[in-house]
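For the sequence shown, my numbering gives the first residue as 238, with consecutive numbering after it.
Just so it is clear, CB atoms sit at the ideal spot from N, CA and C, and this is done for glycine as well.
This one's a predicted model, so the numbers in the text were calculated from it and none came from an experiment.
Written out below as structure tokens is the structure these notes cover.
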Amino acid sequence: MAVKILPARLAEEGDFRERFEREARAIALLKHPNIVQVYDFGDCDGMYYMAMEYIPGRDLAYRMNQARKLPLAQVWWVASDLASALDYAHGRGIVHRDVKPSNVLLEPIAKIDRAGSKTASKLHRAVLTDFGIAKILEGGDRSTRGGMFGTVEYMSPEQIRAEAEIDGRADIYAMGVMLFEMLTGRLPFPAENPSAMVIAHLDTAPPDPREFSPELPEKVALAILRAMAKPREERFSTAKEFIRAMR
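Written as structure tokens, this is what we have:
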């Protein structure tokens, strides 16, 4: 089991306890093989915590730092697992709001035979963590209501604008940015500072990933670009639709 301790300063907010209990209770109801399970939550002497499923292995950010580009087959497995997790949560009215490589845990599942050969084609189970943390830190009345929160490298335009309603298409945008980075070895909007990156998310069209990875199939590149469309109405409506478009 793993325990996440939330920043002590949050307890000073007047509505924090109610917000924490509401969001933690909703997240604890999520039971999916690609979402870290929350077993318990509460506070001890003013210290708020969540007791979660322990996932052995590294996170996706570590894997991406080890290998500049990931093979398309590996990206496909990770993306398929994430799509399943996101659509499950979105169907229950919960938006992650901070999808990024460090929030994706990779649990090894491959078996190694005596000759040293891998006996499974899929090497990891991708598990999405920190559901609910964004909303707890951000505040507000509902898990789909606004306020700018997230990680700027993967943040959707509507999150940057702090729009009143944020839906699952914000997560699909972040997933598109992640897949772009996994397949090309770079972010679609590299910038010298967060302000420049924010402006790029709002105003700059993403480059075609084939500019950096010419071997990518056209359908994969086009699907990633659609996932990163500025107007959310032009993105995929579900994560699985995104995955199907890549096939």
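By alpha-carbon positions, which one of Ile370, Leu319, Arg362 ends up nearest to glycine 413?
Taking each of Ile370, Leu319, Arg362 in turn and checking the Cα distance to glycine 413, the smallest one comes out for Leu319.
Quick one: grab the DSSP three-state call for aspartate 324.
helix
For my contact list, serine 450 and leucine 420 are in at a C-beta cut-off of 8 Å; report their separation, rounded to the angstrom.
Distance from serine 450 to leucine 420 at the Cβ level is roughly 5 Å; contact confirmed, criterion being Cβ atoms closer than 8 Å.
Give a yes or no on whether the C-beta atoms belonging to arginine 295 and leucine 343 are separated by under 8 Å.
yes
Kindly indicate the opening and closing residues of the alpha helix (DSSP H) around lysine 456.
Run containing lysine 456: 455-464, per the alpha helix (DSSP H) assignment.
Could you please give me the residues that DSSP links to leucine 343 through a beta bridge?
Ala363
Among Tyr410, Thr475, Ala363, which one has its Cα closest to the Cα of methionine 392?
Tyr410
Measure the C-alpha to C-alpha separation of glycine 330 and lysine 477 and round it to an integer number of angstroms.
16 Å
Quick check on DSSP: helix, strand or coil for glutamate 402?
strand
Please state whether DSSP places aspartate 277 in a helix, a strand or coil.
strand
Going by the DSSP bridge assignment, what does methionine 289 pair with across the sheet?
Ala239, Val275
Please tell me whether isoleucine 370 and leucine 360 are closer than 8 Å, where the distance is taken between their beta carbons.
no
Can you find the residues in the same chain that come closer than 8 Å, C-beta to C-beta, to histidine 269, ignoring five residues on each side of it along the sequence?
Once the five neighbours on either side are set aside, the close Cβ partners of histidine 269 are Ser321, Ala322, Tyr325, Ala326.
Between the stretch 393-403 and the stretch 303-320, do at least 3 Cβ pairs fall closer than 8 Å?
no
Just to check my reading of the structure: alanine 407 and arginine 334 have Cβ atoms closer than 8 Å, yes? What is that Cβ distance to the nearest angstrom?
6 Å
Along the chain, where does the alpha helix (DSSP H) that runs through proline 394 open and close?
394-397
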